[in-house]
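Remarks on the structure that follows.
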Amino acid sequence: MSDTAYILYLISSVLFILALKGLSSPESARRGNVYGMAGMGLAVVTTLCMPAITNYALILFGIMVGGIIGAMIARKIQMTAMPQLVAAFHSLVGVSAVLIAAAALWSPESYGIGNSGSLHVGRLIEMSLGAVIGAITFSGSVIAFAKLQGIMSGKPIRFGDQNKLNAAVAAAIVVLMIIFCGSESKFIFTVMTLLSFAIGLLLIIPIGGADMPVVVSMLNSYSGWAASGIGFTLGNPLLIITGALVGSSGAILSYIMCKAMNRSIFNVIFGGFGAAAVDSGPVAAASDKPIKSGSAEDAAFLLKNSGSVIIIPGYGMAVAQAQHAVRELQVELEKEGIKVRFAIHPVAGRMPGHMNVLLAEANVPYDSVTELEEINNDFATTDVAFVIGANDVTNPAAKNNPQSPIYGMPVLEVGNAKTVIFIKRGMAAGYAGIENELFYQENTMMLFGDAKKVTEDLIKALKH
Ligand code: NAP
């Protein structure tokens with residue numbers, strides 16, 4: 001590789017770091033995306049200009065096929081289906097790592113890394129790491145995709161001696177890696193890779209419900225390390241750096257989300273290893289308990305007579321695409337002199353930052369958007385908690401019911417407000433599949449209907 005290529009790769013790496021920095025806040029996220037795109041454009045052009053690249057027709061064909069599929073997916077995908085799309089993309093990174101490691105083992109001469117049968121041990125370590133992490137990423141992401149897409153049940157799947165089985169498979173993989181590095185045996189490589197596919201699956205099946213976001217960000221991290229592994233095999237420094245950036249930023253995000261969910265990072269990395277076996281909790285069913293439901297006019301009356309309102313958006317707001325109506329509601333209430341803030345739970349919606357993205361799209365000012373820790377104590381002194389399409393993130397079972405699958409997760413304590421208004425279409429459960437006691441609370445009013453339609457009706461009622 002020429003010095004110019006090294007310098008251009010270095011510039012790309014800096015642009016990727018600036019992209020990550022930009023993406024850390026909604027205000028600078030757009031700029032971050034521009035840096036990321038510029039970095040990737042520069043990286044691709046630099047790679048294409050290398051003397052080793054000769055078959056442009058094949059590369060252009062690959063770019064065209066991938067580009068067309070990518071553009072079609074980008075146009076069609078619903079924001080609410082992002083997590084499963086991300087999981088699907090991670091699986092592709094994983095399988096690429098496995099295929100490249102296998103290709104390098106079967107034909108090292110084509111990669112210029114030595115001759116078959118006499119590869120340097122360093123190369124074998126890189127290959128085995130790339131294949132193992134890639135295989136775990138692939139099968140783990142396929143399971144995460146199936147769970148998020150509803151192809152398989154989102155509930156944790158547990159069986160007796162699961163942890164012992166996981167530990168035995170993990171130990172077998174480590175032993176096989178050592179044997180492979182000493183023998184360069186293709187048979188051992190194949191068995192080790194198959195076992196890694198198996199452990200990826202075993203690690204993700206016991207995780208479910210509200211813990212899925214952490215799993216997706218953990219798989220994001222694994223996919224980064226797998227890409228980094230490929231970088232070593234291909235001798236490409238930019239891929240090593242980019243993989244490490246994805247790997248470490250994914251790991252940091254997982255850690256932050258684990259903290260927010262009050263989960264142990266080790267339980268997530270080791271697939272629920274050592275986690276207390278929890279009952280899947282009561283699945284929501286139409287309960288006989290009385291509820292109070294009201295109309296848009298009733299809600300408008302309550303809101304108009306309040307001094308402070310906290311809006312709690314959730315997945316239902318995303319489904320209904322109600323963010324613009326919610327912003328209009330905020331403007332109307334503020335015209336009446338009412339203090340309006342938004343409370344965002346770290347796992348509200350279906351991807352990290354989901355609610356922030358939607359509210360930013362609707363031009364909700366950033367200074368009225370607050371995080372859980374910032375605002376949780378303020379519910380007690382708030383007149384109306386206005387919950388729009390959120391459910392699990394407000395469920396007090398996380399605090400009160402040790403048998404609940406969301407037990408231990410901090411939730412927005414909306415029940416402490418003077419009045420709670422819940423907008424949802426019916427009494428259905430949220431993602432975790434558990435009943436929410438708040439619906440039956442004395443100070444709760446249910447407002448049934450599609451989030452966008454109900455909010456628009458409410459604005460009309462407020463105006464008149
Ligand atoms: P939620 O618990 O899934 O509840 C959403 C509620 O919205 C449902 O109860 C549903 O009730 C209602 N809804 C759906 N469509 C609606 C519409 N068109 N209009 C009005 N209401 C509608 O959502 P959440 O409180 O935001 O919690 C997120 C959950 O997803 C957590 O369990 C979290 O762990 C999980 N999760 C999060 C991520 C992430 O990264 N953020 C990723 C994967 C999973 P009705 O059907 O009765 O209307």
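For the sequence shown, our numbering gives the first residue as 1, with consecutive numbering after it. Note that the Cβ used here is the ideal one computed from N, Cα and C, for glycine as well. Being a predicted model, the structure only gives us computed values, none of them experimental.
Setting aside the 5 residues that flank it on each side, Phe145 is surrounded in the same chain by Gln84, Ala87 and Ala88, each with a C-beta closer than 6 Å to its C-beta; the list follows chain order. Of the candidates Lys335, Ser96 and Gly389, Ser96 places its Cα closest to the Cα of Thr193.
Comparing C-alpha distances from Ala397 to each of Leu245, Ala168 and Asn436 shows the shortest one belongs to Asn436.
Taking 7 Å as the cut-off, the C-beta of Pro83 counts as close to a heavy atom of the ligand NAP. Comparing alpha-carbon positions, the option among Glu334, Ala168, Ala296 and Ile178 lying closest to Lys452 turns out to be Ala296.
Annotation: the continuous beta strand (DSSP E) that includes Arg341 extends over Lys339 to Ile344.
The C-beta of Gln323 has 16 or more other C-beta atoms within 10 Å across all chains shown, which makes the residue buried.
In this structure, DSSP gives Val411 a state outside helix and strand, which the three-state scheme calls coil. Close CB contacts of Ile375 within its chain, under the 6 Å cut and outside five residues either way in sequence, are with Ala343 (chain order). Listed as beta-bridge partners of Ser308 by DSSP are Lys339. With a cutoff of 7 Å, Arg350 counts as near the ligand NAP, since its C-beta is closer than that to a heavy atom of the ligand.
Judged by DSSP secondary structure, Val420 falls within the beta strand (DSSP E) whose first and last residues are Thr419 to Lys424. A distance below 7 Å between beta-carbons, with the five flanking residues on each side excluded, links Glu371 to the following residues of its chain, in chain order: Ile344. Taking all protein chains in view, the Cβ of Arg327 is crowded by 16 or more other Cβ atoms within 10 Å, so the residue is classified as buried. In the three-state DSSP reduction, Ala81 falls in the helix class (H, G or I).
Shown here, Met446 sits in a strand according to DSSP, grouped into three states. Here Glu27 carries a coil assignment [DSSP, helix/strand/coil].
Rounded to whole angstroms, Gly235 and Ile199 show a C-alpha spacing of 28 Å. Listed as beta-bridge partners of Thr370 by DSSP are Ala343. Apart from the 5 residues on each side of it in sequence, Lys292 sits with its Cβ closer than 6 Å to the Cβ of Met445 in its chain, given in chain order. DSSP places Phe189 inside the alpha helix (DSSP H), whose first and last residues are Lys186 to Ile204.
The Cβ neighbour count for Arg263, taken over all protein chains shown within 10 Å, is at least 16; the residue is labelled buried. Taking C-alpha positions only, Gly433 is separated from Val34 by approximately 39 Å. Collapsing the DSSP output to three states places Ala451 in a helix. Check the Cα spacing between Gly39 and each of Ile241, Leu447 and Pro402: the tightest is with Ile241.
Here Asn443 has Gly415, Ala417, Lys418, Thr419 and Val420 as same chain residues with Cβ atoms under 8 Å from its own Cβ, once five neighbours each way along the sequence are excluded. Your pair Gly337 and Gly314 does not check out as a contact, with CB atoms roughly 27 Å apart and the cut at 8 Å.
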